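Beneath this line is the structure, given in structure tokens, with notes to follow.
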Amino acid sequence: MIRYEHVGLRYGIGPEVLEDINFQLDPGSFHFLSGPSGAGKTSLLSLMYLGRMPTRGLIQMFGQNIGELGRDQLAAMRQRVGVVFQDFRLLNHMSAFDNVALPLRIQGRPEKEIQNNVAELLDWVGLGDQKYALPNTMSGGQQQRVAIARAVITRPRLLLADEPTGNLDDEIGFRLMALFDQLNKMGTTVVIATHNQAIIDKFGHKRMILEKGRLHIEEPTKHGLRKRLEGVY
Amino acid sequence: MFALLAKFRNTLSRERALGVAKGKRRYDLPLTGGSSNSFLRLLIGLMSILGMLALAASFALSAMTTRWEQGLADKITIEIPASDSAGEMIAASSVRSMTDDAAKIIGARGDVLEAEIMEESHVRELLSPWLGEDMVMDSIPIPGIISVTFEKGTKPDIKALEAEIKEVAPRARIDTHESWLSEVARFTGALQFAAILLGLIISVTTLVAVAGGVRSKLSENKEELELLHLMGASDSYIAKQLQRHTLILSLQGGIIGVIGGAVLLFIIGMVAGNMGVNLVPDFKLGADQKIMLILLPLPIAALAMFTARFTVMRVLTKMP
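Chains as they are written, first to last, in the working numbering: chain A, 1 to 233; chain B, 1001 to 1320.
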């Protein structure tokens, strides 16, 4: 479904921040992306949500080589990817409702469907009473939940999240991880970049570890696997 | 998933009342408000006024040329000079006799609507501004002048006519007014060209200003723009928002411009009327011309809209 072969990325004429990245994500897989600060996690995510193009290598997404796609096809490809940005990137002139509705409007979904789905999801993330609030009047945790709702509202085929639980208390963080897991069970491929070792251990998924621009994949820890099998979430 | 969450569903009555979740489309980019919008509105208003003035001037010049041309069409003037080829004066009686003979030739033609020998007193009256009204006028021999109007649409052979008249008045000249008319046509043509040039300058200024305004809007909202792009908004989707925004501002500016331009044209018309200038014929705009002037902001707004689209598309191509 997603295949990277010898992918490299450099900014301008600087050194490669990602070197010879090779991996494959199967449909419906769940990975944590971890690594020290500056290892290239955000750069790798930006390649995955097509915010950047690689300077070398082959990227295949959903069976298509992205290097061969036209601008409109790339836009359509981006619509299949949901992203939770580390800094949320909410539109401050829009209400929480409209922020969450935005991906659906971009996709041209019927307004009735938008009204129903967005209201439901906002209720579910605990922001049912904050629909009309502007993001800059909300707390960091609330903004993060809006960002997460916006990322999942279209039921993307690939969900990418950059430190999605960073500003949340444990309970909300747990609920949102459960939402990601639920989406994953419905077939969405999930990649979550996080430093939170507790979450990585608790949820027991494969780890993509980036170190100095290079990537390797680790199987889940036994502890994490046991937790998953026990169905702790 | 959403079915499982159905129990959390709320009615949207409150959102609708507040206009948050209505079906109406709003801009995804924060385009409304800001001084740049007022600037663009004002600029389009001023461009519309200038455009109206240029177009009205062009209509006036066109009408003036047409009326002059129509006034002199089918008309010639025959002049019987009062001197011979050696420069010696011819007796006034001889000039009158040659003029009468020439008038008879003209009168015998079937294609002449009217032929009139200009009275000597009338000719003296016409010459008086240059020669004065003192006694000198009486001593100056006056040429014979015949004003001829042909039937409309006839194309007389002027050379043959001149040859025929020269048999009775060897130094007779026929003036078809062509050279004067061509001078007038050149003059009005130059003025019309200036009006077209002004129109072009207005278009280019609008184009540059709108492109600059759109670029500045995009630059102000770079993060939002990138976000839309990353969420899968196509270039066309984003461009449409800027197009629509620019079109609405331009139409608002255009309406202001039309009102301002109409007031200005009315004032100019009044001032020109009160000056009693007889050099140019009276000029009144026709209904179709008035409609064209009123609709002028439409092409200006369309130009602004397409410029906005082109600019956005160019900016977006810099994104992957």
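Idealized CB from N, CA, C, for every residue including glycine.
What you are looking at is a predicted structure, and each value in this text was computed from that prediction instead of being measured.
Check your understanding: When we look at the beta-carbon of residue 1037 of chain B and count the other beta-carbons within 10 Å, is it buried (16 or more) or exposed?
Key -> In the second sequence, counting from the first residue as 1, residue 1037 of chain B sits at position 37. Residue 1037 of chain B is buried by the Cβ-count criterion.
Point to revise | Status (buried if at least 16 other CB within 10 Å, exposed otherwise) for residue 1317 of chain B | key: Your numbering for residue 1317 of chain B matches position 317 in the second sequence. Result: exposed.
**Study point:** Sufficient close CB pairs (3 or more, under 8 Å) joining the region 1181 to 1189 of chain B to the region 1085 to 1093 of chain B
**Key:** no
Exercise for review: Give the straight-line distance between the Cα atoms of residue 192 of chain A and residue 144 of chain A, rounded to the nearest whole angstrom.
Suggested key: As a position in the first sequence, residue 192 of chain A is number 192, starting the count at 1. As a position in the first sequence, residue 144 of chain A is number 144, starting the count at 1. Going by the C-alpha atoms only, they are around 14 Å apart.
Practice item. Could you name the residues of chain A that residue 1233 of chain B contacts, counting a contact when the two beta carbons are closer than 7 Å? Key: In the second sequence, counting from the first residue as 1, residue 1233 of chain B sits at position 233. Here the neighbours are 75, 106.
Practice item. Measuring only between beta-carbons, confirm whether residue 1224 of chain B sits less than 9 Å from chain A. Key: For the purposes of this step, residue 1224 of chain B is taken as residue 224 along the second sequence, with counting starting at 1. By this cut-off, residue 1224 of chain B is an interface position.
Check your understanding: If you drop the 5 nearest sequence neighbours on each side, which residues of the same chain put their C-beta closer than 6 Å to that of residue 1301 of chain B?
Key -> Here residue 1301 of chain B is taken as the residue at index 301 of the second sequence, counted from 1. Counting only Cβ-Cβ distances below 6 Å, and skipping sequence neighbours, we find 1247, 1250, 1251, 1254.
Check your understanding: Residue range of the alpha helix (DSSP H) that residue 1306 of chain B falls in?
Key -> By one-based count along the second sequence, residue 1306 of chain B stands at place 306. It spans 1297 to 1316 - the alpha helix (DSSP H) in which residue 1306 of chain B sits, taken as one unbroken run.
Check your understanding: Of the residues that make up the region 1299 to 1312 of chain B, which ones have a beta carbon closer than 8 Å to any beta carbon in chain A?
Key -> none
Practice item. Give, in chain order, every unbroken run of the beta strand (DSSP E) that is at least 3 residues long and sits entirely within the region 67 to 152 of chain A. Key: 81 to 84
Practice item. Just mark residue 1237 of chain B as buried or exposed, buried being the case when its beta carbon has 16 or more other beta carbons within 10 Å. Key: Here the question's residue 1237 of chain B lines up with position 237 in the second sequence. Classification for residue 1237 of chain B: buried.
Check your understanding: Just the Cα atoms here: how many angstroms apart are residue 1258 of chain B and residue 1044 of chain B?
Key -> If you number the second sequence from 1, residue 1258 of chain B lands on position 258. If you number the second sequence from 1, residue 1044 of chain B lands on position 44. One C-alpha to the other measures close to 10 Å.
Check your understanding: Leaving out the 5 sequence neighbours to the left and right, which residues in its chain are closer than 6 Å to residue 1315 of chain B when beta-carbon positions are compared?
Key -> Numbered from 1 along the second sequence, position 315 holds the residue referred to as residue 1315 of chain B. So the qualifying residues of the chain are 1218.
Check your understanding: So residue 1296 of chain B packs on residue 1052 of chain B, CB below 8 Å; how close in whole Å?
Key -> Numbered from 1 along the second sequence, position 296 holds the residue referred to as residue 1296 of chain B. Numbered from 1 along the second sequence, position 52 holds the residue referred to as residue 1052 of chain B. Their Cβ separation, rounded to whole angstroms, is 6 Å, which keeps residue 1296 of chain B and residue 1052 of chain B in contact under 8 Å.
**Study point:** residue 1059 of chain B to residue 1190 of chain B span [Cα, whole Å]
**Key:** The residue given as residue 1059 of chain B occupies position 59 in the second sequence. The residue given as residue 1190 of chain B occupies position 190 in the second sequence. For residue 1059 of chain B and residue 1190 of chain B, the distance between alpha carbons rounds to 14 Å.
Review point. Pairing CB atoms from the region 40 to 59 of chain A with CB atoms from the region 99 to 109 of chain A, are three or more of them under 8 Å?
Key: no
Practice item. On a CA-only basis, which of A:93, A:66, A:49 is nearest residue 82 of chain A? Give me that one, please. Key: As a first step, residue 82 of chain A must be located in the first sequence, where it is residue number 82. With distances taken between Cα atoms, residue 82 of chain A lies closest to A:49.
Review point. Any chance the region 200 to 214 of chain A sits against the region 12 to 32 of chain A, with 3 or more Cβ pairs inside 8 Å?
Key: yes
Check your understanding: What residues of chain A sit near residue 1227 of chain B, judged by a beta carbon separation below 8 Å?
Key -> As a position in the second sequence, residue 1227 of chain B is number 227, starting the count at 1. The answer, in chain order, is 89, 91.
Review point. Applying a beta-carbon distance threshold of less than 8 Å, which residues of chain A neighbour residue 1242 of chain B?
Key: The residue labelled residue 1242 of chain B in the question sits at position 242 within the second sequence. Per Cβ cutoff of 8 Å: no residues; residue 1242 of chain B is ~15 Å from chain A at best.
Practice item. Taking only beta carbons into account, state which residues of the region 9 to 40 of chain A come closer than 8 Å to chain B, listed in chain order. Key: none
Review point. Since residue 61 of chain A sits in a beta bridge, which residues does DSSP pair it with?
Key: Position 61 of the first sequence, counted from the first residue, corresponds to residue 61 of chain A. In DSSP, residue 61 of chain A forms a bridge with A:2, A:64.
Point to revise | Where residue 216 of chain A falls, given that 16 or more other Cβ within 10 Å makes a residue buried | key: By 1-based counting over the first sequence, the position of residue 216 of chain A is 216. Residue 216 of chain A is exposed by the Cβ-count criterion.
Review point. Is residue 131 of chain A closer than 9 Å to residue 119 of chain A when the C-beta atoms are compared?
Key: Locating residue 119 of chain A in the first sequence gives position 119, where the first residue counts as 1. Locating residue 131 of chain A in the first sequence gives position 131, where the first residue counts as 1. Yes, the pair counts as a contact, with Cβ atoms nearer than the cut-off.
Practice item. Could you tell me whether any Cβ in chain B is nearer than 9 Å to the Cβ of residue 50 of chain A? Key: On the first sequence, position 50 is the one that residue 50 of chain A refers to. Yes - at least one Cβ of chain B is within 9 Å of the one on residue 50 of chain A.
Practice item. Mark residue 11 of chain A as exposed unless 16 or more other C-beta atoms lie within 10 angstroms of its C-beta, in which case mark it buried. Key: Taking the first residue of the first sequence as 1, we reach residue 11 of chain A at position 11. Residue 11 of chain A comes out exposed.
**Study point:** Spatial distance of residue 1141 of chain B from residue 1201 of chain B (CA atoms)
**Key:** Translated into the one-based positions of the second sequence, residue 1141 of chain B becomes position 141. Translated into the one-based positions of the second sequence, residue 1201 of chain B becomes position 201. Spanning the two alpha carbons is a distance of roughly 54 Å.
Check your understanding: Within the chosen definition, does the region 1104 to 1122 of chain B reach the region 1142 to 1157 of chain B through at least 3 CB pairs nearer than 8 Å?
Key -> yes
Practice item. For residue 79 of chain A, go through chain B and note every residue whose CB falls closer than 8 Å to its CB, in chain order. Key: Taking the first residue of the first sequence as position 1, residue 79 of chain A is located at position 79. Residues of chain B passing the Cβ test: 1231, 1232.
Exercise for review: Out of B:1241, B:1263, B:1289, B:1232, point me to the one whose CA is closest to residue 1030 of chain B's CA.
Suggested key: Taking the second sequence and counting its residues from 1, the one referred to as residue 1030 of chain B is at position 30. Nearest option by C-alpha distance: B:1241.
Point to revise | Three-state secondary structure assigned by DSSP to residue 1037 of chain B | key: Locating residue 1037 of chain B in the second sequence gives position 37, where the first residue counts as 1. Helix at residue 1037 of chain B.
**Study point:** For residue 1025 of chain B, three-class secondary structure by DSSP
**Key:** The count along the second sequence starts at 1 and reaches residue 1025 of chain B at position 25. Residue placement at residue 1025 of chain B is flagged as unreliable, the pLDDT there being 45, under the threshold of 50; the coordinate-derived value follows with that caveat. In this structure, residue 1025 of chain B counts as coil in the three-state DSSP scheme.
Check your understanding: Nearest-angstrom Cα distance between residue 1050 of chain B and residue 1261 of chain B?
Key -> Taking the first residue of the second sequence as position 1, residue 1050 of chain B is located at position 50. Taking the first residue of the second sequence as position 1, residue 1261 of chain B is located at position 261. Answer to the nearest angstrom: the Cα atoms are 8 Å apart.
Review point. So, is residue 204 of chain A buried or exposed, given that buried needs 16 or more other C-beta atoms within 10 angstroms?
Key: Within the first sequence, residue 204 of chain A is the residue found at index 204, counting from 1. When all chains shown are included, residue 204 of chain A counts as buried.
Check your understanding: Hey, out of A:13, A:20, A:15, A:14, whose CA is closest to residue 3 of chain A's CA?
Key -> On the first sequence, residue 3 of chain A is found 3 positions in, with the first residue counted as 1. It is A:20 whose Cα lies nearest to the Cα of residue 3 of chain A.
Review point. What distance in whole Å lies between the Cβ atoms of residue 1177 of chain B and residue 1075 of chain B, which are believed to be in contact at a cut-off of 8 Å?
Key: Position 75 of the second sequence, counted from the first residue, corresponds to residue 1075 of chain B. Position 177 of the second sequence, counted from the first residue, corresponds to residue 1177 of chain B. Indeed, because the Cβ distance is near 7 Å, the residues count as touching under 8 Å.
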